[in-house]
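Here the working numbering is used: the first residue of the sequence shown is 314, the next is one more, and so on. Every residue gets a Cβ at the ideal spot worked out from N, C-alpha and C, and that includes glycine. For clarity, every value in this text was computed on a predicted model and none was experimentally measured. This report concerns only the one structure given below.
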Amino acid sequence: MKRQSAKSPLLLLLAAIVWGISFVPQKAGMAYVEPFTYNGIRCLLGGIVLLPVIPMLDRLRSRSGDFRRGSRRDILIGGFVCGSVLFVASNLQQFGIALQDASTNVGKAGFITACYTVIVPILYRLLGKRSSWRIWAAAGVALIGFFLLSLMDGLLAGSGLDLGLSDLLLLLCAVMFSVHILCIDRYSPLADGVRLSCVQFLVCGLLSLPCMFLFEHPSPSALLSCWPAITYSGVMSCGVAYTLQVVGQKGVHPAVASLLLSLESVFSVLAGYALMPGSSLSMWELIGCALVFAAVVLVQLTPADKAEVKK
């Protein structure tokens, strides 16, 4: 793979790593605050963190002469569209996790959310465009991998696959994250990725705040209790990882991007294994990890002319 072509997949891979590691602090933060509060504060923090970064990057990139800021109209419209979709997707995910029974395997939420690996090619097809057969095959392999990674042990233990309200919300969340990936694909070539990312966070945060005051009961003491979790989610998960997604998706087929980003679930399992004492990976989880990585390798081996969108 050429050096230039490897840059975007690497950025998406880094985003998946950050999101995977953020699972533990996110779960810890939800023990103190409710979904709209958590998402509103962390997204606003993510946008605010990027504000001073923009002029610094402008100065660095202007020296290279290869810098496209994009029009204010594209930045604002793209940021509003992406931020609105992110608002719906992220809050559906938070509510889905919050409504899960305490005995439910959290990996079930990860598996349902990871269905966007298949939903993205389907939406692309509905838009009248086609994807390479390798992308469809890789999406299928990844879906099997997520099933083994997140659900197989529960099935063998007799937990079953009962679909409740939380599962429905998570499935809707997967659909909305698929739409978000397609929105990023639409607007990222038109505007500077950092600016686009900053606007989308501010929009998502500002949309969450009224819901926070109307439907929840935020308190300063609760926010202070979970400030490490919110700070990590705001700075790393939002400010860093989502910006890596926006920048990394330029020139990458949306279905390929969804597969790379779906490694988030694999990294969350690996992070738990490495950072949480007493945790381990079962045989089925190891096979699931291997299948997801194989799917990503398969889609990266797709020739460039076949990976591109076909009318």
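Please report how far the alpha carbon of L503 lies from the alpha carbon of I600, in whole angstroms.
40 angstroms
Could you say if the stretch 328 to 340 and the stretch 553 to 570 meet the contact criterion of at least three C-beta pairs nearer than 8 angstroms?
yes
Suppose you measure from the CA of R385 to the CA of S538; what does that come to, to the nearest Å?
38 angstroms
Which one of V492, V605 and S532 has the shortest CA to CA distance from L439?
V492
Touch check for the stretch 540 to 552 and the stretch 334 to 347: three-plus C-beta pairs under 8 angstroms?
yes
Report buried or exposed for L478, applying the criterion of at least 16 other Cβ atoms within 10 angstroms of its Cβ.
exposed
Tell me whether R382 sits in a helix, a strand or coil according to DSSP, three-state version.
coil
Could you give the residue range of the alpha helix (DSSP H) that holds P502?
Run containing P502: none; DSSP gives neither H nor E here.
Straight-line gap, C496 to C395 (C-alpha atoms, nearest Å)
6 angstroms
Is the beta carbon of C517 sitting closer than 7 angstroms to the one on F400?
yes
I'd like the list of long-range same chain contacts for F309, defined as Cβ closer than 8 angstroms, with 5 residues on each side in sequence excluded.
Examination of residue 309 is not possible in this model, given that the chain is present from 314 through 624 alone.
Does the stretch 369 to 376 come close enough to the stretch 565 to 572 that 3 or more CB-CB pairs lie under 8 angstroms?
no
Where L357 falls, given that 16 or more other Cβ within 10 Å makes a residue buried:
buried
Would you mind giving the Cβ-Cβ distance between I388 and A487, rounded to the nearest angstrom? I have them listed as a contact below 8 angstroms.
With a Cβ gap of about 27 angstroms, I388 and A487 do not count as contacting.
Rounded straight-line distance, which links the Cα of V431 to that of G383
31 angstroms
Alpha-carbon to alpha-carbon, A584 and V609
19 angstroms
Rounded Cβ spacing between F514 and G359 (contact assumed at less than 8 angstroms):
4 angstroms
Go through its chain and collect everything with a Cβ distance to M465's Cβ below 6 angstroms, but skip five positions before and after it.
W597
Could you give the distance in angstroms between the alpha-carbon of A319 and the alpha-carbon of S445?
19 angstroms
Residues in its own chain within less than 7 angstroms of A535 by CB, not counting five upstream and five downstream?
Y345 and V346
P365, buried or exposed, once every other Cβ within 10 Å from all chains shown has been counted against 16
exposed
Pop quiz: L468 and G409 are said to be a contact at Cβ under 8 angstroms. What is the actual Cβ separation, rounded to whole angstroms?
Not confirmed; about 20 angstroms, so no contact.
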